[in-house]
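Below is one structure, written out as structure tokens; the observations come after it.
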Amino acid sequence: MALPQDGNIVILTGAGISAESGLDTFRDAGGLWAQHRVEDVATPEAFARNADLVLNFYDSRREGAAAARPNAAHAALARLDREWRGGLLIVTQNVDDLHERAGAERLLHMHGSLALAWCTACDARVPIAQDLIDRPACPACGASGHLRPDVVWFGEMPYEMDRIYAALGIVDLFVSIGTSGAVYPAAGFVQEARTSGAHCLEINLEPSQGTHVFHEARHGQAGQVVPAWVDEVLDMA
Ligand code: BJW
């Protein structure tokens, strides 16, 4: 495909990009949804019903993410972010911070972040490093027992949708990496990108649920396929 040197690239990433860093995906065999029922840990109703179970789930994932290291796919996207002179936006569904630790800057977290807590007493989003199960006080208002993980559960509105749809409205190349295409609205971004006339590429271990909507698919480990694709894009420029 021909991509103008100042063309606009939007990259959607999912749990598969962090798999080679040792973090569990959701829907693969043995993944997070095989270990926990979604309804028990990833809805506001679950949090209202059994906050301890939900807080333990996210405390343990925060610990896992802190111990993980960015892999070759994160590093390649950070290099693309540094070197691509046109527009670029990495939209991650992941709540780990491996993209930013690899050096990516043009990045947003549409499903929130394990590094933040949301105080339901004062509505502040605050950085946290400690376990929420210990019910730490909110650093903004001092109230105890009101911090929840700042992540987007089923039935909640993902973050930064205006910015994402604005970027999809002018995108030339849309790339989806390591996501099953099972969760909306992210699963619908490829259709938005097609409507804008973008070339759409899927990079995933296996065909995603929406693979037929993409113009092109490259199947394999993100840690191998993504660096090769980034080399191609930067060589074309
Ligand atoms: C590799 C690899 C390697 C492995 N290399 N690849 C329209 C139709 C139907 C339903 C809905 C709809 N619109 C909304 C809904 C409802 C709902 C929904 O989508 N339900 C579905 C189950 C059908 N959506 C929502 O409720 C969302 N909110 C919403 O829509 O608000 C209203 C709204 C309306 C209009 C506009 C905007 C908004 C909120 C969804 C929140 C999702 N939350 C979670 C938890 C977040 C916190 C946390 O991390 O715990 O987000 S669920 C979970 O799924 C998490 C992930 O970000 C998300 C996606 O998972 P992902 O990343 O794709 O992981 P996997 O495991 O599914 O796939 C990994 C892939 O990688 C696999 O394919 C592997 O093969 C591959 N892989 N190793 C490359 N080494």
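With our numbering, the residue at position 13 of the sequence shown is 13, and numbering never jumps. Cβ coordinates follow ideal geometry from the N, Cα and C atoms, glycine included.
- By the neighbour-count criterion, in which a residue is buried when 16 or more other Cβ atoms sit within 10 angstroms of its Cβ, T25 is buried.
- About 7 Å separates the CB atoms of L108 and R163; that is less than 8 Å, so the two are in contact.
- By the 16-neighbour rule on beta-carbons within 10 angstroms, P149 is buried.
- Excluding five sequence positions before and after Q221, the CB atoms of its chain that fall closer than 7 Å to its own CB belong to E20 and L205, given in chain order.
- Straight across, the Cα-Cα distance linking S18 with C141 is about 34 Å.
- Not a single heavy atom of the ligand BJW lies less than 7 Å from the C-beta of Y159.
- Contact fails between the region 45-52 and the region 119-128, because fewer than three Cβ pairs, one in each stretch, are under 8 Å apart.
- As summarised for the region 136-203, the continuous beta strand (DSSP E) elements at least 3 residues long and confined to that stretch are 147-151 and 173-177, given in chain order.
- Bridge partners of I128 according to DSSP: none are assigned.
- Secondary structure at W33: helix, using DSSP grouped into helix, strand and coil.
- Distances from the CA of P227 to each of P4, I203 and G22 were compared; the closest alpha carbon is that of I203.
- In this structure, DSSP gives W84 a state outside helix and strand, which the three-state scheme calls coil.
- If you draw a straight line from the Cα of L80 to the Cα of T211, it comes to about 24 Å.
- By the C-beta criterion, the region 4-15 is judged to be in contact with the region 167-178, since at least 3 inter-stretch pairs fall below 8 Å.
- If you check the C-beta of P185 against the ligand BJW, you find a heavy atom less than 7 Å away.
- DSSP lists L201 as the beta-bridge partner residues of E216.
- Taken atom to atom, the span from the alpha-carbon of W229 to that of G86 is near 17 Å.
- It is roughly 23 Å from the alpha-carbon of L132 to the alpha-carbon of G31.
- Here the C-alpha atom of A29 lies approximately 22 Å from the C-alpha atom of A186.
- In this structure A68 does not touch D40 by the C-beta definition: roughly 24 Å separates them, more than the 8 Å allowed.
- Relative to the ligand BJW, even the nearest heavy atom lies 7 Å or more away from the CB of A217.
- Taking the Cα positions, A76 is about 15 Å away from G14.
- For V183, the closest of A34, G22 and V38 by C-alpha to C-alpha distance is V38.
- Nearest in C-alpha terms to L147, of all of A73, G22 and D52, is D52.
- Just so you know, the alpha carbons of L234 and A193 end up roughly 21 Å apart.
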